[in-house]
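Going line by line, the protein sequences match chains A and B.
Heads up: the first sequence runs through residues 4 to 227, numbered per our numbering.
Heads up: the second sequence runs through residues 4 to 227, numbered per our numbering.
In this text, a Cβ means the ideal position worked out from N, Cα and C, and glycines have one as well.
Keep in mind it's a predicted model, so treat the numbers as computed, not measured.
Some notes on the structure that comes next.
Protein chains: 2
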Amino acid sequence: MRLVVARCQVDYAGRLTAHLPMATRVLMIKADGSVLVHSDGGSYKPLNWMSPPCTFAEEVDDEGVASWTVTSKTGDTLRILIEEIQHDSSHDLGIDPGLQKDGVEKHLQELLAEHPATLADGLRLVRREYPTPIGPVDLLCRDADGNRVAVEIKRRGEIDGVEQLTRYLELLNRDPLLAPVRGIFAAQLIKPQARTLAEDRGITCAVVDYDALRGLDDPTDRLF
Amino acid sequence: MRLVVARCQVDYAGRLTAHLPMATRVLMIKADGSVLVHSDGGSYKPLNWMSPPCTFAEEVDDEGVASWTVTSKTGDTLRILIEEIQHDSSHDLGIDPGLQKDGVEKHLQELLAEHPATLADGLRLVRREYPTPIGPVDLLCRDADGNRVAVEIKRRGEIDGVEQLTRYLELLNRDPLLAPVRGIFAAQLIKPQARTLAEDRGITCAVVDYDALRGLDDPTDRLF
DNA sequence: TACTCGATTTCGGGG
DNA sequence: CCCCGAAGTCGAGTA
């Protein structure tokens with residue numbers, strides 16, 4: 004990892020073209036040759052960058068002006084003109100053990116598969132990831148009356164998820180062995196537009212409390 | 004902008020929880036207090052981070068071990084335990100003039116508005132961003148027979164775009180002054196699933212060549 | 001301020 | 001290796 008602070012100008016040509024006028028920025032060159040151009044603001048996304056795999060080349064002209072050319076296999080190029088270097092250092096970081104996450108959609112699906120009754124009284128799981136020709140339904144259940152219920156789970160319930168569940172329901176209801184199948188749209192947060200569309204289509208909305216679900220979960224599981 | 008290279012351990016708690024075991028990493032602290040944790044690989048996304056607005060606090064315990072706590076207003080916290088610092092420097096970058104882009108969806112829409120006939124013979128533009136209650140249609144046109152055509156434009160044509168166009172068409176066709184309205188789904192690349200869904204719904208797919216369109220464009224526009 | 005939508009989205013998993 | 005869906009998505013434009 005090489006860290007450079009310098010006045011520079013950046014030009015990118017690839018899926019689009021982009022230009023950064025001359026200014027002072029932080030340049031990060033990773034071990035794999037990838038480059039990140041950061042300013043002192045914004046979020047985690049760099050102003051410009053080149054993703055690996057790519058090759059990094061440095062050249063200096065007659066007047067001592069350095070320029071870097073970073074090229075990917077797909078023909079994308081990132082060209083950086085260096086006007087003045089304020090800092091330049093290299094560091095050996097080794098390989099990173101990587102990030103461990105908890106609380107993503109998969110966990111939500113696991114918890115709801117264990118506790119389907121929190122979505123509707125008497126709901127029982129038939130199958131997780133129930134396959135259809137257009138992709139798997141998150142949960143297929145039966146309600147207290149024995150009728151099938153398809154559950155679509157999202158962390159954030161938006162219009163796309165309702166459309167997705169609608170497609171599943173249309174397909175499932177074509178199967179006389181399954182029909183009638185109704186739908187439950189379950190999410191930690193459901194946007195108003197999504198709720199309106201869902202209810203307009205006879206789909207029930209269920210707001211899910213992740214922490215409460217975790218509390219329901221067998222406590223011996225997390226004594227690790 | 005402060006740049007630190009250190010052995011550290013990172014814990015995040017917010018919308019999810021995440022943990023990074025002790026290892027050597029680059030820590031970037033921006034002027035607004037936001038923090039990025041980078042390893043020597045991956046792409047531009049940090050392993051972990053805190054977005055602004057947030058507050059950065061540094062403390063050192065009795066044994067000289069430093070720990071940082073970064074807190075956002077929404078209650079998210081990023082905690083970094085520093086074991087050993089290899090590098091620590093600060094730099095004044097000033098404000099960045101910002102990025103100039105060309106070749107995004109907006110430009111594609113502008114070009115197609117100028118050359119609608121590349122989508123279908125005899126197609127003429129009625130209006131760009133034609134308003135409907137659920138949002139504007141990218142292009143409303145008339146075909147050679149005088150019938151209306153709604154055009155949805157994407158850089159990458161995926162299933163969402165087809166759903167979006169379907170909703171527009173349903174609405175537009177309710178208006179007896181406009182109906183019948185057919186649809187064209189235009190994109191630089193159309194995914195197979197999206198094409199299947201579109202054709203199933205009687206929507207025409209059109210693959211668009213951005214560079215060729217630019218070539219059609221008035222050359223006097225780009226003489227600089 | 002809140003919501004919607006595009007993005008060089010990136011990233012990870014499954015076929 | 002491609003396809004697809006999730007993301008602590010971020011950020012810009014608009015109502």
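Counting only beta-carbon separations shorter than 8 Å, does A:T74 have a partner in chain B?
Start at 1 with the first residue of the first sequence, and residue 74 of chain A comes out as number 71. No, A:T74 lies away from the interface with chain B (no Cβ there is under 8 Å from its Cβ).
Problem - Amino acids of chain A, ordered along the chain, whose beta-carbon sits closer than 8 Å to that of B:A21 - result: Counting from one through the second sequence, the residue named residue 21 of chain B turns up at place 18. Correct list: L102, Q103, K104 and D105.
Selected residue, minimal CA-CA separation from B:L216, among B:D124, B:H110 and B:G186:
What you label residue 216 of chain B is simply residue 213 of the second sequence in a count that begins at 1. Selected option, being the one with the closest Cα: B:H110.
For this session: Measure the C-alpha to C-alpha separation of A:V63 and A:L6 and round it to an integer number of angstroms.
Result: As a working note, residue 63 of chain A is residue 60 in the first sequence. As a working note, residue 6 of chain A is residue 3 in the first sequence. Their backbone Cα atoms lie some 18 Å apart in a straight line.
Discussion item. Just to check my reading of the structure: A:I137 and A:L174 have Cβ atoms closer than 8 Å, yes? What is that Cβ distance to the nearest angstrom?
Written reply: To locate residue 137 of chain A, count along the first sequence from 1; it is residue 134. To locate residue 174 of chain A, count along the first sequence from 1; it is residue 171. Sure, about 6 Å apart at Cβ, within 8 Å.
The segment 147–166 of chain B: which residues have C-beta closer than 9 Å to a C-beta of chain A, in chain order?
Closer than 9 Å at the C-beta level to chain A, one finds these residues of the segment 147–166 of chain B: R158, I162, D163 and E166.
CB-CB length for A:C11 against A:G36, believed under 8 Å = Start at 1 with the first residue of the first sequence, and residue 11 of chain A comes out as number 8. Start at 1 with the first residue of the first sequence, and residue 36 of chain A comes out as number 33. Going by Cβ atoms, the distance from A:C11 to A:G36 rounds to 18 Å, so no, they are not a contact pair.
For this session: Over the uninterrupted beta strand (DSSP E) stretch that includes B:H90, give me the two end residues.
Result: For this step, residue 90 of chain B is matched to residue 87 along the second sequence. Start and end: T80 to S93.
For this session: For A:Q112, collect the residues of the same chain with a Cβ closer than 8 Å to its Cβ; drop the 5 residues on either side in sequence, then sort them by chain order.
Result: Working through the first sequence from its first residue, we reach residue 112 of chain A at position 109. The answer, listed in chain order, is R131, D141, L142 and I156.
Strictly under 8 Å for the Cβ-Cβ distance: is B:L114 near chain A by that measure?
For the purposes of this step, residue 114 of chain B is identified with residue 111 of the second sequence, where counting begins at 1. False, the Cβ-Cβ gap to chain A never drops below 8 Å.
Coil, strand or helix - A:L122 by DSSP:
One-based indexing of the first sequence puts residue 122 of chain A at position 119. Of the three classes helix, strand and coil, the one that applies to A:L122 here is coil, per DSSP.
For the beta strand (DSSP E) holding A:Y47, just list the boundary residues, first then last. Within the first sequence, the letter at position 44 stands for residue 47 of chain A. Segment: none, A:Y47 is in no beta strand (DSSP E) and carries neither H nor E.
Measuring straight from C-alpha to C-alpha, what distance separates B:V73 and B:L126? Here residue 73 of chain B corresponds to residue number 70 of the second sequence, with the count starting at 1. Here residue 126 of chain B corresponds to residue number 123 of the second sequence, with the count starting at 1. So the two alpha carbons sit approximately 56 Å from each other.
Once you ignore the five residues that flank B:T135 on each side, which residues in its own chain have a CB closer than 8 Å to its CB?
As a position in the second sequence, residue 135 of chain B is number 132, starting the count at 1. Only Y171, L174 and L175 meet the Cβ criterion.
- Query: For a contact meaning CB atoms closer than 7 Å, what does B:T27 contact in chain A?
  - Reply: Numbered from 1 along the second sequence, position 24 holds the residue referred to as residue 27 of chain B. Within chain A, the residues near B:T27 are L96 and G97.
- Kindly list, in the order they appear in chain A, the residues whose Cβ is closer than 8 Å to that of B:Q89. Your numbering for residue 89 of chain B matches position 86 in the second sequence. Going along chain A in sequence order, the residues near B:Q89 (Cβ under 8 Å) are H94.
- Would you mind telling me which residues of chain B sit closer than 9 Å to A:A120, beta carbon to beta carbon, in chain order? Stepping through the first sequence from its first residue, residue 120 of chain A is reached at position 117. In chain order: nothing, as chain B lies at least about 25 Å away.
* Using alpha carbons as the reference points, say which of A:I193, A:R145, A:T80 and A:L128 lies closest to A:D244. => Past the edges of chain A, shown from 4 to 227, lies residue 244 of chain A, and the structure says nothing about it.
* **Segment limits, beta strand (DSSP E) that includes B:G160** => The count along the second sequence starts at 1 and reaches residue 160 of chain B at position 157. R151 to G160 is the extent of the beta strand (DSSP E) around B:G160.
### Message
For a cutoff of 8 Å on Cβ pairs, would you count A:G36 as touching chain B?
### Response
Your numbering for residue 36 of chain A matches position 33 in the first sequence. Taking Cβ atoms only, chain B never reaches closer than 8 Å to A:G36, which makes this a no.
Exercise. Check the C-beta distance from B:I32 over to B:F59 and give it rounded, since I have them as a contact under 8 Å.
Key: By one-based count along the second sequence, residue 32 of chain B stands at place 29. By one-based count along the second sequence, residue 59 of chain B stands at place 56. That belief holds up - the Cβ atoms of B:I32 and B:F59 are roughly 6 Å apart, short of 8 Å.
Span of the alpha helix (DSSP H) around A:G218: Indexing the first sequence from 1 puts residue 218 of chain A at position 215. Segment Y213 to L219, the alpha helix (DSSP H) holding A:G218.
Separation of A:N51 from A:E25, as counted between CA atoms
Here residue 25 of chain A is taken as the residue at index 22 of the first sequence, counted from 1. Here residue 51 of chain A is taken as the residue at index 48 of the first sequence, counted from 1. According to the sequence shown, residue 25 of chain A is Met rather than Glu. Roughly 13 Å between the two C-alpha positions.
Item checked: Chain-ordered chain A contacts of B:S54 [CB-CB under 8 Å] -> By 1-based counting over the second sequence, the position of residue 54 of chain B is 51. What B:S54 touches in chain A: S46 and Y47.
- Got a sec, what are the start and stop residues for the beta strand (DSSP E) B:T199 sits in? Within the second sequence, residue 199 of chain B is the residue found at index 196, counting from 1. Counting along the chain, B:T199 sits inside no beta strand (DSSP E); it lies in the alpha helix (DSSP H) bounded by residues P195 to D203.
Report the rounded CA-to-CA distance for A:H22 versus B:L114, giving the unit in angstroms. Position 19 of the first sequence, counted from the start, is the residue given in the question as residue 22 of chain A. Position 111 of the second sequence, counted from the start, is the residue given in the question as residue 114 of chain B. Rounded to the nearest angstrom, the two C-alpha atoms are 21 Å apart.
**Q.** Close-in-space but distant-in-sequence residues of the same chain around A:A182 (CB under 6 Å, 5 per side omitted)
**A.** The residue given as residue 182 of chain A occupies position 179 in the first sequence. Hits under 6 Å: N176.
C-beta atoms of B:S42 and B:R28 nearer than 8 Å: Locating residue 42 of chain B in the second sequence gives position 39, where the first residue counts as 1. Locating residue 28 of chain B in the second sequence gives position 25, where the first residue counts as 1. It is a contact, given that the beta carbons lie within the stated cut-off.
### Query
Which residues, in chain order, does the segment 178–190 of chain B contribute to contact with chain A at a C-beta distance below 9 Å?
Residues: none.
* Asked: For A:G186, which three-state DSSP category applies?
  -> Position 183 of the first sequence holds residue 186 of chain A. Three-state DSSP puts A:G186 in a strand.
If contacts are defined as beta-carbon pairs under 8 Å, then B:Q191 and B:R158 qualify, I think. What distance do you get, rounded to the angstrom? Here residue 191 of chain B corresponds to residue number 188 of the second sequence, with the count starting at 1. Here residue 158 of chain B corresponds to residue number 155 of the second sequence, with the count starting at 1. With 8 Å as the limit, B:Q191 and B:R158 qualify as a contact, their Cβ atoms being about 5 Å apart.
*asked:* So that I know if they touch, is there some Cβ in chain A lying closer than 8 Å to that of B:V8?
replied: Locating residue 8 of chain B in the second sequence gives position 5, counting from the first residue. Yes, contact with chain A.
- How about A:S42: is its C-beta nearer than 8 Å to some C-beta of chain B? Here residue 42 of chain A refers to the residue found at position 39 when the first sequence is read from its first residue. Yes, because at least one Cβ of chain B sits closer than 8 Å to the Cβ of A:S42.
Write down the C-beta distance between A:G44 and B:A209 rounded to the nearest angstrom, noting that I regard them as a contact closer than 8 Å.
On the first sequence, position 41 is the one that residue 44 of chain A refers to. On the second sequence, position 206 is the one that residue 209 of chain B refers to. Going by Cβ atoms, the distance from A:G44 to B:A209 rounds to 40 Å, so no, they are not a contact pair.
Relative to the alpha-carbon of B:A16, which residue among A:L219, A:D214 and A:G218 has its alpha-carbon at the smallest distance?
-> What you label residue 16 of chain B is simply residue 13 of the second sequence in a count that begins at 1. Of the listed residues, the one whose Cα sits closest to B:A16 is A:D214.
query: Quick one: what's got a C-beta closer than 6 Å to A:H90's C-beta in the same chain, skipping five residues either side?
result: For the purposes of this step, residue 90 of chain A is identified with residue 87 of the first sequence, where counting begins at 1. Closer than 6 Å at Cβ, skipping near neighbours: V8.
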